[in-house]
Every structure is written in structure tokens, then in C-alpha cells.
């Protein structure tokens, strides 16, 4: 048997067609609540390669989005297209998941302003979140 379990008050999200989306629409799709939409938007942005307008929009999204998932996706997208994400801002973020993702980006060999990143990583080591602390130590 195949069971379909769904919450009684689940919100139905409209289908998103990303195949013909512009760069700005793909950047906006990184804030979508559905993980599959965010992943596909990120993949398409990476496939399109480095783009100045996308880089600016992704940097703004990384710093200003209310969604931690969108900030993480934007940071990794910047990293994957070869643009340095705003690591000091991400390492100082209020969300432990964003700080953990920024520490992982630091582990990949990318580095921002070294002094500021090291200072922020040191703060992450002293933070209360164990996973963030571990990622900062590994970086």
C-alpha cells in the first residue's frame, strides 16, 4: 500500500516554472518555502555561471533575507559561481544554521577579509550552538 500522509491544514503552494525564469526570478525563488524549488533555482543559477547582476542580488539576499534557508542558499550559490560571499556577515548572523554554513564555506578554502573572518570564527567557537562550534573549529 502507498499511503499519502498530509497535514489537515497544509498550505497548497503554486507550481513554479523555473525553466524560463530570469536571473532575478531565480534569485527570488531562493526564498521559496519549498526546498525543491530553492535547490532547482540554485542549480540553474550555478549553471548560468558568474553574472554581476545575480551576484549583487545574491549578496543582498544573503544579508537581508528574513529566511535563514534563503541566506544559506544565496551564500552557497555565490561560492559555487566563484564570487566571495559576505562571510563576515554570515558568520555574525543571528541564526546558528547560517553561521554553520558560513563556517563550511570557509572550510572549502574560500576566505574573505582574513582578520575579520578569523575573529568571527572565534566568536562562533564560543557560541552556544554545538554544531556551529564544531564547524568553526574545523574551519
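Numbering (the numbering used here), first residue to last: 44 to 182.
All C-beta atoms in this analysis are idealised placements derived from N, C-alpha and C, irrespective of residue type, glycine included.
It should be emphasised that the depicted structure is a prediction, and the values quoted were computed from it without experimental measurement.
Task: the stretch 77-85 touching the stretch 107-119, judged by at least three CB pairs closer than 8 Å - done: Using a C-beta cut-off of 8 Å, the stretch 77-85 makes contact with the stretch 107-119, since at least three inter-stretch Cβ pairs fall below that distance.
Task: Buried or exposed by the 16-neighbour rule on C-beta atoms within 10 Å, applied to residue 75 - done: In the chain shown, residue 75 corresponds to position 32, counting from 1. So residue 75 ends up on the buried side.
Open item on the list: For a test of the three-state rule: what should DSSP assign to residue 122, helix, strand or coil?
Closed with: As a working mapping, residue 122 is identified with position 79 in the chain shown. It is helical.
Open item on the list: Once the 5 residues before and after residue 133 are set aside, which same chain residues still bring their CB inside 6 Å of it?
Closed with: In the chain shown, counting from the first residue as 1, residue 133 sits at position 90. Within the same chain, 118, 141 and 145 come within 6 Å of residue 133 by CB-CB distance, once the 5 residues on both sides are set aside.
Task: Minimum C-alpha distance to residue 31 - residue among 137, 88 and 48 - done: Nothing about residue 31 can be read from this structure; the chain reaches only from 44 to 182.
Task: Within 8 Å, strictly: CB atoms of residue 69 and residue 61 - done: On the chain shown, residue 69 is found 26 positions in, with the first residue counted as 1. On the chain shown, residue 61 is found 18 positions in, with the first residue counted as 1. Contact: yes.
Task: Integer Cβ distance of residue 131 from residue 160, believed to fall under 8 Å - done: The sequence position of residue 131 within the chain shown is 88, counting from 1. The sequence position of residue 160 within the chain shown is 117, counting from 1. Cβ-Cβ separation between residue 131 and residue 160: approximately 6 Å, consistent with a contact (criterion under 8 Å).
Task: Contained alpha helix (DSSP H) runs [length at least 4] in the stretch 51-80, N- to C-terminal order - done: Secondary structure in the stretch 51-80: the alpha helix (DSSP H) runs of 4 residues or longer, each lying completely within the stretch, are 66-72 in chain order.
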